[in-house]
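Peer 1: Protein chains in written order, with my numbering: chain A, 15 to 342; chain B, 5 to 281.
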Amino acid sequence: MTTTIAAKPATSAYAGQASLQQQRARAAFWFLAPMLVMLIAVAAWPLFRSIMFSFTNASADTIFNGQAEWVGFDNYLRIQTLDSGAIRWRGVLADEDWWNAVWNTVRFAVVSVFFETVLGLLVALVLNAEFKGRGLVRAAILIPWAIPTIVSAKMWAWMLNDQFGIINDMLLTLGIIDQRIAFTSQPDTAMMAVLVVDIWKTTPFMALLMLAGLQMISRDMYEAAKLDGIHPVKVFFRVTLPLLKPALMVAVIFRLLDALRIFDLIYVLTPKSDATMTMSVISYQNLRDFGKYGVGSAQSTILFLIIAVFVALYIWLGKVDLTGEGRK
Amino acid sequence: MTAQTVFWNIMFYIGVVLIVVIAIFPFYYAVLTSFESGTAIFRVNYLPESFDLKNYIAVFSGRNFIRSIANSVFIASTTVIAALFLAVTAAYALARVRFRGRGLLLLTILAVSMFPQIAVLAGLFELINFLGLFNTPFALILSYTIFTLPFTVWLLTTFMRELPVEIEEAAIVDGATPWVIITQVFMPLLWPALVTTGLLAFIGAWNEFLFALSFVSEETQRTVPVAIALLSGASEQEIPWGPIMAASVIVTVPLIALVLIFQRKIVAGLTAGGVKG
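Printed below as a string of C-alpha cells:
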C-alpha cells in the first residue's frame, strides 16, 4: 500500500488521470468486497434458502438432514379431494388465519403510521418553536425511543393490566369506563393496545425526522408571510407542508416498511391473540413453535414479496430519492 | 399582549407539558413499581410510597440475569465493531468513488436493512446449524450483521459525502492511495460519525428480539430482551410484575443515560440516515 501516484512518471495529464480513476475504481471494488460477501452470506443466501424451503414439506425433523421433499406450490395453494368427493382448497392462500394476519398487519401499519405522522408533526412543530426548556422536552421525547421494545411492551402490559393496572384506575376515576377492561386479552381492545404502545414508542422518531426537515426551512419565509398578514394556518398548509413533503415521504415509507414486519411488540404484549396476529407472528409460530418450516417459509416469502413490491412501486411511482444521491 | 395571545401561549405550554408527561410516565411508573413488593405492588398509586429493594435483589440473585446482561453486552459490541470495520471502507467507495451501478448498490443495501427478518429465519437457522453455532453468542453476532451492516454502511456513506472534496484532492495530489486517504485523512474527521453510527447500531443490536428468541434455547445464553420477555413466576398464572419492572429499569437506565449524553449525536444520526436504529 505504499505505491503513490506521484511516483509514477505521468507522460501526459490525460493518461495520469485515467490511471488514477482506474486505481480508484479498483480500490473501490476491494473496499466493497468484504461487505458484499458478508451480506450475501447472511442475507441473500438465507433468503434464497427460505424461499426454497417454502416449496418443500420441511419440518423440524427434516430441515437439516435433506429429507424434506419438494412439493411445488402445495404450501401456497393446492386442491384437496376429500373421501366424499368434495373439493377443498388448502395451503396458505386458502387459509383464513393467514388472511386474518394479513388484514391485521395492514390495518396496524396504516393506522399506526397515520397517527405517528400526525402526532409526530405536531410534536415537531412544538419543538420548532422557541421556548424555555426546549432542550429538556427534546430529551424527554427521546426516552420512549430509547426503551427496548420488549421492555416497553412489558411496561405497558403492566399499566394496562385488568386488575391492578393504572390505566383502568385512571379511566374509572375519570368515569370514562364503569368496569375494568382486560385491554390486552379482549379481542376488541387488543389491537388498540398494540397501536397505543407502538404510537407512543415511535412518534418521537417521526417527530425528530420532521423537526430536522422543519429546521431546513428558512425563517425568512415565515417573516415574509407574517409581514403580508397571512394567517398561520394558511402558512402551514401553503408553505410548511409542501417544503416538508420530501422529508415526510421518506419518514413515512421507512415507518410503513417497519410496521409491516412488526413482531416483537405483539409477541410480548398480546401473545396468542387472533385479533393482533400479524404476518411475522403467524409465520414465526409455524416455523419455531409448530416446526412447520415449509408452511412458515411460504408465509414469510409472501410477506417478503409484499414488501418488495411495495418498495418497487413506491420508488417507481413516487420517484423518491431514497439514496440521497440527488441531494448533493 | 392581547387576551388571545395569552390564551394561545397557555395552550402551547399545556401541550408541552402533555408531551413530556406522556413520554416519561410509563418509565416513571415502571421505576415506581420496581420499588414496591408484597401487597403494595397491587395498590395503584401515582406517587412513590415505598422504597423496597426486594425486586432488585430477586433479579440479581437469579444468576442468569447477570449472565444475560453480559451476553447482550458481548454480542452487541462485537456486532457493532465488526460492522463498523467492514462499513468504513465500503462507505468510502460508495460515497467517494464514481462507478457504474453505485445507485443500485446503495438501494440494494437499503433494501436489505428494510426487509422483514422473518423472511430469512428458516435459511439462517439452517446456516447457523450448519456452522454449529446454535445456542452460542456467535449465532446472534452473525445474524445481527444482517441489519447492523447495511445500517452502518448507509449512515457512514451519508456522513462521508459531507466531507469536503478539497481535503481528498489535496491528499491525492500529495500521492495518497485510497487506503491512506481513509485511514490517515478521513478517519480522524469521521470519529464523531463513527460514535453516532456505532451507538445507533449498538442500540439496535441490544434491542433485537426475533433472532435472539429463535437461535438460542438455553437460559444461560439468552440476551436481555428474551430474558425479560420470558421471565416467569412460580406458577403459570402468576406474573412476577415486580421483578419484571426491576429488570426493565436495570436495562433501560444505561440506555437512557447514553441517549441523553449523546443526544445531539443521536439526533444527527437518526435524521441523516432516516432509518430506525
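Yeah, the Cβ is synthetic: ideal placement off N, Cα and C, and Gly gets one too. Predicted model only: the values in this text are computed from it and were never measured.
(1) From L222 of chain A to V137 of chain A, what does the alpha carbon distance come to, in whole angstroms?
(2) Could you have a look at T156 of chain B and say whether DSSP puts it in helix, strand or coil?
(3) Since F219 of chain B contacts F138 of chain B with CB under 8 angstroms, what's their CB separation in whole angstroms?
(4) What in chain A is Cβ-close to G19 of chain B, meaning under 7 angstroms?
(5) Out of A:V282, A:I280, A:M263, A:V309, state which residue places its alpha-carbon closest to the alpha-carbon of Y328 of chain A.
(6) Do A72 of chain A and A58 of chain A have their beta-carbon atoms positioned less than 8 angstroms apart in this structure?
(7) What residue does the alpha helix (DSSP H) around I254 of chain B start on, and which one ends it?
(8) State the start and end residues of the unbroken alpha helix (DSSP H) segment that holds W103 of chain A.
(9) Hey, does A226 of chain A have any beta-carbon neighbour from chain B nearer than 8 angstroms?
(10) Measuring only between beta-carbons, confirm whether W317 of chain B sits less than 8 angstroms from chain A.
(11) Quick one: grab the DSSP three-state call for Q36 of chain A.
(12) Whole angstroms is fine: what's the gap from A171 of chain A's alpha carbon to Y33 of chain B's?
(13) What residues in the segment 161 to 173 of chain A bring their beta carbon closer than 9 angstroms to a beta carbon of chain B?
(14) Inspect the CB distances between the segment 176 to 194 of chain A and the segment 252 to 266 of chain B and report whether three or more fall short of 8 angstroms.
(15) Measure the Cβ-Cβ separation of F219 of chain A and L274 of chain B and say whether it is below 8 angstroms.
(16) Under 7 angstroms between beta-carbons, which chain B residues line up against M52 of chain A? List them in chain order, please.
(17) Alpha carbon to alpha carbon, how far is V85 of chain A from F78 of chain A? Give it in angstroms, no decimals.
(18) Exposed or buried, what is D278 of chain A when buried is set at 16 or more other beta-carbons lying within 10 Å of its beta-carbon?
(19) Determine the burial state of A95 of chain B: buried for a count of at least 16 other Cβ atoms within 10 Å of its Cβ, exposed for fewer.
(20) Report yes or no: do three or more beta-carbon pairs, one from the segment 246 to 266 of chain A and one from the segment 163 to 170 of chain A, lie closer than 8 angstroms?
(21) Would the beta-carbon of T131 of chain A fall within 8 angstroms of that of T198 of chain A?
(22) List, in order along the chain, the chain B residues whose C-beta lies closer than 7 angstroms to that of F78 of chain A?
(23) Between the Cα of I161 of chain A and the Cα atoms of B:L110, B:A251, B:T43, which residue gives the shortest distance?
(24) Need the endpoints of the alpha helix (DSSP H) that R92 of chain A sits in, please.
(25) For a cutoff of 8 angstroms on Cβ pairs, would you count T37 of chain B as touching chain A?
(26) In chain B, which residues lie with their C-beta within 7 angstroms of the C-beta of G310 of chain A?
(27) Give the single residue among A:A265, A:T70, A:N89, A:F87 whose Cα lies nearest to the Cα of G80 of chain A.
(28) Pick from B:S81, B:I186, B:T227, B:E130: whose alpha carbon is nearest that of F67 of chain A?
(29) Can you give me the C-alpha to C-alpha distance between T216 of chain A and A27 of chain B, rounded to a whole angstrom?
(30) D275 of chain A and I122 of chain B: beta carbons closer than 8 angstroms?
(31) Please tell me whether M205 of chain A has its Cβ less than 8 angstroms away from any Cβ of chain B.
(32) Spatial neighbours of L109 of chain B within its chain, please: C-beta separation below 6 angstroms, excluding the five flanking residues on both sides.
(33) Can you give me the Cβ contacts of V210 of chain A inside the same chain, cut-off strictly under 8 angstroms, excluding the 5 residues immediately before and after it?
(34) Let me know the secondary structure DSSP gives T70 of chain A once reduced to three states.
(35) Here's a check: name, in chain order, each residue in its chain whose Cβ is nearer than 6 angstroms to the Cβ of V249 of chain A, leaving out the five neighbours to either side.
(36) Can you tell me where the alpha helix (DSSP H) with I70 of chain B in it begins and where it stops?
Peer 2: Straight from the coordinates:
(1) Residue numbering aside, residue 222 of chain A sits at position 208 when the first sequence is read from its first letter. Residue numbering aside, residue 137 of chain A sits at position 123 when the first sequence is read from its first letter. When rounded, the distance between both Cα atoms is 9 angstroms.
(2) The count along the second sequence starts at 1 and reaches residue 156 of chain B at position 152. In this structure, T156 of chain B counts as helix in the three-state DSSP scheme.
(3) Start at 1 with the first residue of the second sequence, and residue 219 of chain B comes out as number 215. Start at 1 with the first residue of the second sequence, and residue 138 of chain B comes out as number 134. About 6 angstroms; that satisfies the 8 angstroms criterion.
(4) Counting from one through the second sequence, the residue named residue 19 of chain B turns up at place 15. By Cβ distance, chain A contributes V140.
(5) Residue numbering aside, residue 328 of chain A sits at position 314 when the first sequence is read from its first letter. Closest option to Y328 of chain A, Cα to Cα, is A:M263.
(6) If you number the first sequence from 1, residue 58 of chain A lands on position 44. If you number the first sequence from 1, residue 72 of chain A lands on position 58. No, these two residues do not count as a Cβ contact at 8 angstroms.
(7) Within the second sequence, numbered from 1, the residue matching residue 254 of chain B stands at position 250. Its alpha helix (DSSP H) spans residues 245 to 265.
(8) Position 89 of the first sequence holds residue 103 of chain A. Premise fails: W103 of chain A lies in the beta strand (DSSP E), 101 to 104, not in any alpha helix (DSSP H).
(9) Locating residue 226 of chain A in the first sequence gives position 212, where the first residue counts as 1. Output row for A226 of chain A: interface = yes.
(10) Missing from the structure shown is residue 317 of chain B; chain B here goes from 5 to 281 and no further.
(11) If you number the first sequence from 1, residue 36 of chain A lands on position 22. Q36 of chain A falls in the helix class under three-state DSSP.
(12) For the purposes of this step, residue 171 of chain A is taken as residue 157 along the first sequence, with counting starting at 1. For the purposes of this step, residue 33 of chain B is taken as residue 29 along the second sequence, with counting starting at 1. One C-alpha to the other measures close to 12 angstroms.
(13) I161, P162, T163, I164, V165, S166, A167, K168, M169, W170, A171, W172, M173
(14) no
(15) For the purposes of this step, residue 219 of chain A is taken as the residue at position 205 of the first sequence. For the purposes of this step, residue 274 of chain B is taken as the residue at position 270 of the second sequence. In this structure, F219 of chain A lies near L274 of chain B, with their beta-carbon atoms less than 8 angstroms apart.
(16) By 1-based counting over the first sequence, the position of residue 52 of chain A is 38. Residues of chain B passing the Cβ test: L90, T149, L153.
(17) On the first sequence, position 64 is the one that residue 78 of chain A refers to. On the first sequence, position 71 is the one that residue 85 of chain A refers to. Rounded to the nearest angstrom, the two C-alpha atoms are 17 angstroms apart.
(18) Translated into the one-based positions of the first sequence, residue 278 of chain A becomes position 264. With 16 or more Cβ atoms within 10 Å of its Cβ, D278 of chain A is classed as buried.
(19) Numbered from its first residue, the second sequence carries residue 95 of chain B at position 91. Buried is the call here.
(20) no
(21) By one-based count along the first sequence, residue 131 of chain A stands at place 117. By one-based count along the first sequence, residue 198 of chain A stands at place 184. Not in contact: T131 of chain A and T198 of chain A (Cβ atoms no closer than 8 angstroms).
(22) In the first sequence, counting from the first residue as 1, residue 78 of chain A sits at position 64. Those are E130, N133, listed as they occur along chain B.
(23) Numbered from its first residue, the first sequence carries residue 161 of chain A at position 147. That would be B:A251, whose Cα lies nearest to the Cα of I161 of chain A.
(24) Within the first sequence, numbered from 1, the residue matching residue 92 of chain A stands at position 78. Segment 92 to 95 is the beta strand (DSSP E) holding R92 of chain A; no alpha helix (DSSP H) there.
(25) On the second sequence, position 33 is the one that residue 37 of chain B refers to. Interface residue, yes.
(26) Here residue 310 of chain A is taken as the residue at index 296 of the first sequence, counted from 1. Result: A126.
(27) For this step, residue 80 of chain A is matched to residue 66 along the first sequence. Ranking the options by Cα distance to G80 of chain A, first place goes to A:T70.
(28) For the purposes of this step, residue 67 of chain A is taken as residue 53 along the first sequence, with counting starting at 1. The residue among B:S81, B:I186, B:T227, B:E130 with its C-alpha nearest the C-alpha of F67 of chain A is B:E130.
(29) Within the first sequence, the letter at position 202 stands for residue 216 of chain A. Within the second sequence, the letter at position 23 stands for residue 27 of chain B. Cα-Cα distance, rounded: 11 angstroms.
(30) Taking the first residue of the first sequence as position 1, residue 275 of chain A is located at position 261. Taking the first residue of the second sequence as position 1, residue 122 of chain B is located at position 118. It is worth fixing the name first, because residue 275 of chain A is Arg in this sequence and not Asp. Yes.
(31) Position 191 of the first sequence, counting from 1, holds the residue named residue 205 of chain A. Taking Cβ atoms only, chain B never reaches closer than 8 angstroms to M205 of chain A, which makes this a no.
(32) Residue numbering aside, residue 109 of chain B sits at position 105 when the second sequence is read from its first letter. So the list is empty, once near-sequence residues are dropped.
(33) As a first step, residue 210 of chain A must be located in the first sequence, where it is residue number 196. Only W170 meet the Cβ criterion.
(34) Counted from its first residue, the first sequence places residue 70 of chain A at position 56. It is a strand residue.
(35) Numbered from its first residue, the first sequence carries residue 249 of chain A at position 235. Answer for V249 of chain A: A239, listed in chain order.
(36) Locating residue 70 of chain B in the second sequence gives position 66, counting from the first residue. Note, I70 of chain B: alpha helix (DSSP H), 67 to 100.
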